[in-house]
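Worksheet: the structure to be examined is printed underneath.
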Amino acid sequence: MLDIKLLRTEPELVKENIRKKFQEEKLPLVDEVIALDQEFRDAKTRCDQLRSQRNTISKQIGGLMAKGQKEEAENLKSQVAQMAKELEALELREEECSAEIRKRMLVIPNIIDPSVPIGKDDSENVEVERFGEPAVPDFPIPYHVEIMERLRGIDLDSARRTSGNGFYYLMGDVARLHSAILSYARDFMIDRGFTYCVPPFMIRSDVVTGVMSFAEMENMMYKIEGEDLYLIGTSEHSMIGRFIDTILEENQLPQTLTSYSPCFRKEVGAHGIEERGVYRIHQFEKQEMIVVCQPEESPEWFMKLYTNTVDFFRSLDIPVRTLECCSGDLADLKVKSLDVEAWSPRQQKYFEVGSCSNLGDAQSRRLGIRIKNKEKGNYFPHTLNNTVVAPPRMLIAFLENNLRADGSVAIPEPLRMYMGGKSEIR
C-alpha cells in the first residue's frame, strides 16, 4: 500500500506506474482517492473547529448559569445541540471516507523499481545470468512421474481417490529424498546465519490482506469454513504476519529467518502435461527465507537472497538461471522480483523453482510494522522473501539431472547424510 502523501503530491507518477503494469482500469482510482482524501480532510478540519467552538461555548454556558442568565444559557445549549448533530454526521463521513480510501489504496499497485523491465506478462521477462552448463544426456529422459513410478516412489491413483487431482503419495526412497532435500535446505540456510522457524500453517484474514493482493488471495488461498482462518500458500504469509502491529528497535534489524511449512494453493486453471504430476499441485512443502530490514538495505538483501537459492541448487550440481520479472508479471505489492529456474534435460529448457521478491514497505504499511526512531519518528521497514527450495517440484529437476542410463538416480554428496549414506537409489 502506498503512502497517501505520494498520491497527493505526485498523482501522475502513481498513474504512470499503473500504466507500466498495464492496469489502465485502475487509473480512475487515483483521482477517486484524491477526492475522498480531500473530503476526509475537510470533514476533519470542520470537526476540529466544531469541537473547539463547543468547548468555548460550554464554558460560556457555565458562566451564564452561574450569573442566573438562564435564557441566554439555553440559547447557547441549542447551538451546542446543533453542533453535536453536525459533528456526528461529519465523524460518520470521516469513517466512510477513510474506509473507501483504504479499499482503493489496497488495489493501487506498489511503485516498481526503475530497473524493472517493462513488459505485459511473463513472456517478456528478461534472463539475467546462467549458472552451470545445461546438459542433455544421450539417453531419453522419461516424464518425471514415470521416473518416480519406476522407483516405486509415487502413487497418484490412490491420491485421486482420497483427495482428487493435484495430490500425491510419495513413497520409499523418493519420499525420503523429498525430506532429505528439505533438511539440507534448512541446514544450508542456518549455516548462512538465518534463524530457523516453523510457523503457524493457518492465518487470520487481516494477515492475509496484509501480505498479499486481493487477486492473489482469491486465486491462491483456501479458507477454513466458519472461521476467520486461511491455510497458508507459503510460509512467508505467516512469517511476515508475525510482526503485525509491532514496533521494532533499529538494533533488532535485520531480521533474517528461514522457515519450513506445508503450502496449500488452489492453483486454478488448466495446464499441459509438463505441469501435471507433481509440478502444479494443491499441497507441497517448502523452505523459505524472509528478511525484514532497513529500507536502504533491501536492494543488497535482494541480491543475497536469490544468490542463496542459486548456490543451493549449484551445490547439488543442478544448472539454473535467473530471470528478471517484467512490470506486468509483478504482483501488485512487489517492487522487484526475480525467478530462479532450473534446467530440465527432458524439456531442454528451464522452469521456475523459486521466486525472490522485494516488497518495499508495502507489507509493513498494511500490517502496521514500524521501526522506532525518536529523532525522525517511526518509519516502515522493507520486507523480502525468497524460496530456498520447494519440493516436490524441485524433485523434477533433481531426478532429471541425476538420472542414469540404467534408471538409477545418483545422490550428490550433500544429501547422502540425510539419505542414510546412500549414493544412489534404484
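Position 86 of the sequence shown, counted from 1, bears residue number 97 in this note's numbering, the numbering being contiguous throughout. Built from N, CA and C at the ideal position, the CB exists for glycine as well. Since we're looking at a predicted model, the values are computed, not measured.
DSSP bridge partner residues for residue 355 (one or two, in chain order): Taking the sequence shown and counting its residues from 1, the one referred to as residue 355 is at position 344. The bridge partners DSSP lists for residue 355 are 360.
Sub-9 angstroms separation of residue 158 and residue 420 beta-carbons: Numbered from 1 along the sequence shown, position 147 holds the residue referred to as residue 158. Numbered from 1 along the sequence shown, position 409 holds the residue referred to as residue 420. Yes. Within cutoff.
Inter-residue Cα distance where the pair is residue 361 and residue 53: Residue mapping note: residue 361 aligns to position 350 of the sequence shown, counting from 1. Residue mapping note: residue 53 aligns to position 42 of the sequence shown, counting from 1. The straight-line gap from Cα to Cα measures roughly 55 angstroms.
Of the residues 207, 182, 183, the one placed nearest residue 194, counting alpha carbons only: Mapped onto the sequence shown, residue 194 falls at position 183. For residue 194, the nearest C-alpha among the options comes from 207.
Rounded Cβ spacing between residue 5 and residue 220 (contact assumed at less than 8 angstroms): The chain is shown only over 12 to 437; residue 5 falls outside these bounds and no answer can be derived.
Collapsed DSSP secondary structure at residue 172 in the structure displayed: Your numbering for residue 172 matches position 161 in the sequence shown. In the structure shown, residue 172 sits in a helix (DSSP, three-state: H, G or I).
Proximal residues to residue 266 (C-beta, below 6 angstroms), its chain only, five neighbours per side dropped: Your numbering for residue 266 matches position 255 in the sequence shown. Once the five neighbours on either side are set aside, the close Cβ partners of residue 266 are 303.
Span separating the alpha-carbon of residue 163 from that of residue 296: Locating residue 163 in the sequence shown gives position 152, counting from the first residue. Locating residue 296 in the sequence shown gives position 285, counting from the first residue. Using only the alpha carbons, I get a separation of about 21 angstroms.
Contact under 9 angstroms by Cβ, residue 399 with residue 200: If you number the sequence shown from 1, residue 399 lands on position 388. If you number the sequence shown from 1, residue 200 lands on position 189. Going by C-beta atoms, residue 399 is nearer than 9 angstroms to residue 200.
Residue 286 (DSSP reduced to helix, strand or coil): As a working note, residue 286 is residue 275 in the sequence shown. Note that residue 286 has pLDDT 49, beneath the 50 cutoff, so the model's placement of it is unreliable and the number below is only indicative. Annotated three-state conformation of residue 286 is helix, per DSSP.
Any 3 or more C-beta pairs closer than 8 angstroms across the stretch 359-374 and the stretch 304-321: yes
Within 9 angstroms, strictly: CB atoms of residue 357 and residue 155: If you number the sequence shown from 1, residue 357 lands on position 346. If you number the sequence shown from 1, residue 155 lands on position 144. In this structure, residue 155 lies closer than 9 angstroms to residue 357 by Cβ.
Local conformation of residue 47 per DSSP, three classes: Within the sequence shown, residue 47 is the residue found at index 36, counting from 1. Helix, per DSSP.
4-residue-minimum alpha helix (DSSP H) runs that sit fully inside the stretch 168-252, ordered along the chain: 183-202, 216-222, 225-231, 246-252
Residue 292 versus residue 276: straight-line alpha-carbon distance, rounded: Working through the sequence shown from its first residue, we reach residue 292 at position 281. Working through the sequence shown from its first residue, we reach residue 276 at position 265. Each residue's alpha carbon lies about 7 angstroms from the other.
Three CB pairs or more closer than 8 angstroms across the stretch 114-124 and the stretch 35-48: yes
Per-residue DSSP class, three states only, for residue 58: As a working note, residue 58 is residue 47 in the sequence shown. Here residue 58 sits in helix by DSSP.
Residues sharing a beta bridge with residue 273, DSSP: Here residue 273 refers to the residue found at position 262 of the sequence shown. 296, per the DSSP bridge assignment.
9 angstroms Cβ cutoff met for residue 378 and residue 255: Here residue 378 is taken as the residue at index 367 of the sequence shown, counted from 1. Here residue 255 is taken as the residue at index 244 of the sequence shown, counted from 1. Yes.
Local Cβ density within 10 Å of residue 137, reported as buried at 16 or more and exposed below that: Against the sequence shown, residue 137 aligns to sequence position 126. Flag for residue 137 reads exposed.
Residue burial classification, residue 253 (beta-carbon count within 10 angstroms, cutoff 16): Counting from one through the sequence shown, the residue named residue 253 turns up at place 242. With 16 or more Cβ atoms within 10 Å of its Cβ, residue 253 is classed as buried.
Nearest residue (CA-CA) to residue 402, options 144, 395, 410: Reading the sequence shown from its first residue, position 391 is the one you call residue 402. Here the closest residue by C-alpha is 410.
Residue 388 (DSSP reduced to helix, strand or coil): Numbered from its first residue, the sequence shown carries residue 388 at position 377. DSSP places residue 388 outside both helix and strand once states are collapsed to three, so it counts as coil.
Cα-Cα separation between residue 305 and residue 393, rounded to whole angstroms: Looking up residue 305 in the sequence shown gives position 294. Looking up residue 393 in the sequence shown gives position 382. Cα to Cα, the separation comes out at about 6 angstroms.
Same chain, Cβ closer than 7 angstroms to residue 51, five either side skipped, listed in chain order: As a working mapping, residue 51 is identified with position 40 in the sequence shown. 105, 108, 109, 112.
Paired residues, beta bridge with residue 369 - DSSP: Numbered from its first residue, the sequence shown carries residue 369 at position 358. For residue 369, which the question treats as bridged, DSSP gives the partners 347, 395.
Distance, residue 94 Cα to residue 75 Cα: The residue given as residue 75 occupies position 64 in the sequence shown. The residue given as residue 94 occupies position 83 in the sequence shown. The C-alpha of residue 94 is placed about 19 angstroms away from the C-alpha of residue 75.
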